[in-house]
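In my numbering, the protein residues as written are 20 to 91. The beta carbon of each residue, even a glycine, is placed where N, CA and C say it ideally should be.
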């Protein structure tokens, strides 16, 4: 491939990615702790008693807790 074609493809992909991120905006989420990338707040949970730990989180932030991704 020609170098110009590769550059145009890369720039167009970057442009589309930035437009997609701007259009998605921030979703209105329930209040909660600031998420940690990859770890997903698992460091804040007590592994031995997860139900008690989640109960404490819900008392502090609000009864409803929204989870976007759960990895087990």
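From the DSSP output, in three-state form, read off residue i for me.
{"i": "residue 64", "result": "coil"}
{"i": "residue 32", "result": "helix"}
Just how far apart, CA to CA, sit residue i and residue j?
{"i": "residue 76", "j": "residue 29", "result": "43 Å"}
{"i": "residue 73", "j": "residue 65", "result": "9 Å"}
{"i": "residue 40", "j": "residue 33", "result": "11 Å"}
{"i": "residue 35", "j": "residue 71", "result": "44 Å"}
{"i": "residue 68", "j": "residue 25", "result": "53 Å"}
{"i": "residue 78", "j": "residue 37", "result": "37 Å"}
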